[in-house]
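Residue numbering for the sequence shown follows my numbering, starting at 23 and increasing by one per position.
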Amino acid sequence: MRRLPPLNALRAFEAAARHESFSRAAAELSVTHGAVSKQVSLLEDRLGLELFRRSPGGVVLTAAGKAYQTEISDALDRIAAATTKVSRQGFPDVLDISAPPTFTIQWLVPRLSRFQIRFPLLETRLSTRRESVNLALRGADVVIRRGPDTWKGVYSRLVLQEAITPVCHPRLSARLRQVSDLRQQVWLHAEARPADWNAWLDAAGASGLAPKQLLRFDHSALALEAAGDGMGVAMGPLSMIGGELRSGKLQMPFPRLVVATPGYYVICRRGRESEAKVREFCDWLAAEGRAAGNSADGASPRYQPRPNSGSSGRSGLKKASRQ
């Protein structure tokens with residue numbers, strides 16, 4: 023009979039070890055800080071080893087903890103892979119994709135039918151849960167996330183470059199003649215992209231600017247919908263809003279002031295990039311990015327500026343550092 027520690031204790035330890043934080047592990051697992059601490063302590067008692075050094079500043083893995091983390095992470099990955107494989111027996115091959123909500127709604131779903139036409143026997147399943155890359159890869163074949171590309175132990179490939187600029191309803195855009203006019207407006211802020219407004223304001227030389235009012239949304243798709251309804255000014259990821267710009271639902275008040283931001287990457291566990299369904303999806307995704315005019319080889323979004331856009335705050339393409 024195998025002498026195995028409780029699975030909950032192993033999951034709590036692995037998450038805490040990966041983050042080197044009980045708080046972040048608790049957030050990932052949707053439990054309390056105390057629950058993670060208790061599970062880790064139970065595991066240490068079971069092993070007779072100290073896995074973390076505790077201090078007022080946080081926790082740090084011991085040498086034994088680091089060695090155990092490597093083994094446990096691999097074991098949990100194998101359990102997840104085996105579960106997925108067995109659950110799919112007798113069913114069509116499935117590609118599980120984890121992607122951010124706005125990317126999925128605004129960019130991926132409108133194009134996905136082309137992938138399904140090319141690979142009709144491959145079923146696709148989409149998840150938009152907010153999870154870390156490592157956690158998402160336990161249930162997904164591929165994960166799509168915005169950069170920067172700092173993930174460890176995975177294969178990642180840039181598939182879509184990104185740039186941002188403020189967007190709003192055309193009636194509101196007509197009142198924005200220079201960047202300083204934004205201080206009289208409601209700003210629509212997407213919590214999923216917390217750095218966008220500051221990155222653009224820094225590039226525009228207006229880092230001290232503040233809005234009349236700030237409305238917060240979970241993700242960009244909601245903020246952009248509110249902008250189209252005339253509720254205020256949102257920071258628009260250009261790769262996501264081509265249709266809204268062409269239809270006139272949204273307009274760029276400062277079309278020459280576009281700021282490059284980290285793009286989107288497709289990610290999988292190292293070694294799986296050569297697996298047929300993963301390879302085909304990654305290649306297709308990169309090709310779609312190039313076709314959209316946002317290629318991974320450096321092309322930038324191109325939109326025609328609005329007539330009479332030469333006023334203050336509308337000149338000089340700015341590029342922000344990756345954040």
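A virtual CB, placed ideally from N, CA and C, is assigned to each residue, including glycine.
Since we're looking at a predicted model, the values are computed, not measured.
Beta carbon of residue i nearer than 9 Å to that of residue j
| i | j | result |
| --- | --- | --- |
| G254 | W222 | no |
| R301 | E310 | no |
| A39 | Q91 | yes |
| D118 | E297 | no |
| R291 | D99 | yes |
| E153 | G285 | no |
| A314 | G264 | yes |
| G161 | A102 | yes |
| I94 | F141 | no |
Option nearest residue i by Cα separation, candidates the options
| i | options | result |
| --- | --- | --- |
| L194 | P275, E266, K88 and S120 | P275 |
| L204 | R133, P277, P188 and D218 | P188 |
| Q15 | L246, E297, G252 and P28 | Past the boundaries of the shown model lies residue 15; the chain is included only from 23 to 345, so the question cannot be answered. |
| D251 | R133, C190 and G264 | C190 |
| Y28 | V58, Y286 and E266 | The sequence given here places Pro at residue 28; Tyr does not occur at that position. Comparing Cα positions, the closest option is V58. |
| E85 | L71, A121 and I101 | Per the sequence presented here, residue 85 reads as Ala, with Glu not at that position. The option with the nearest alpha carbon to A85 is L71. |
| P216 | P259, R197 and R179 | P259 |
| S149 | E266, F125 and S242 | F125 |
| Q206 | P192, A226, I186 and L231 | L231 |
| R46 | L157, A104 and L26 | L157 |
Rounded C-alpha distance that separates residue i from residue j
| i | j | result |
| --- | --- | --- |
| I289 | Y177 | 6 Å |
| R24 | L69 | 14 Å |
| R312 | S261 | 11 Å |
| L272 | T172 | 33 Å |
| R151 | A214 | 12 Å |
| A89 | R167 | 29 Å |
| S317 | E145 | Confidence at S317 is low in this model, with a pLDDT of 34, below 50, so its placement is unreliable and the value that follows should be read with caution. One C-alpha to the other measures close to 26 Å. |
| D319 | R133 | Below a pLDDT of 50, predicted positions are generally treated as unreliable, and D319, at 33, falls in that range; the measurement from the model is reported next regardless. One C-alpha to the other measures close to 20 Å. |
| S77 | F137 | 51 Å |
| G270 | N220 | 26 Å |
| L143 | K299 | 11 Å |
| A97 | R33 | 11 Å |
| D224 | V281 | 10 Å |
| S135 | D67 | 53 Å |
| R197 | I139 | 45 Å |
| G169 | D218 | 13 Å |
| A243 | V131 | 13 Å |
| P233 | P192 | 19 Å |
| R346 | C304 | Any answer about residue 346 is impossible in this case: the structure gives the chain only from 23 up to 345. |
| G293 | A226 | 42 Å |
| S63 | L26 | 16 Å |
| Y287 | G79 | 33 Å |
| A104 | V155 | 19 Å |
Beta-carbon contacts of residue i that lie in its chain and below 8 Å, excluding the five residues immediately before and after
| i | result |
| --- | --- |
| N30 | Q61 |
| A248 | L210, L237, F239, G254 and A256 |
| R346 | Missing from the structure shown is residue 346; the chain here goes from 23 to 345 and no further. |
8 Å contact criterion, which residue i and residue j should meet: CB distance rounded
| i | j | result |
| --- | --- | --- |
| F74 | G56 | Not really, about 15 Å apart at Cβ, beyond 8 Å. |
| L307 | V181 | 5 Å |
| V81 | E42 | 6 Å |
| S120 | V165 | 5 Å |
Beta-carbon contacts of residue i that lie in its chain and below 7 Å, excluding the five residues immediately before and after
| i | result |
| --- | --- |
| Q235 | V208 |
| F44 | A38, H55, V58, S59 and V81 |
Any non-hydrogen atom of the ligand GTP closer than 8 Å to residue i Cβ
| i | result |
| --- | --- |
| G56 | This structure simply doesn't include the ligand GTP, nor any ligand for that matter. |
Neighbourhood of residue i by C-beta, 6 Å cutoff - its chain only, sequence neighbours within 5 removed
| i | result |
| --- | --- |
| A228 | V201 |
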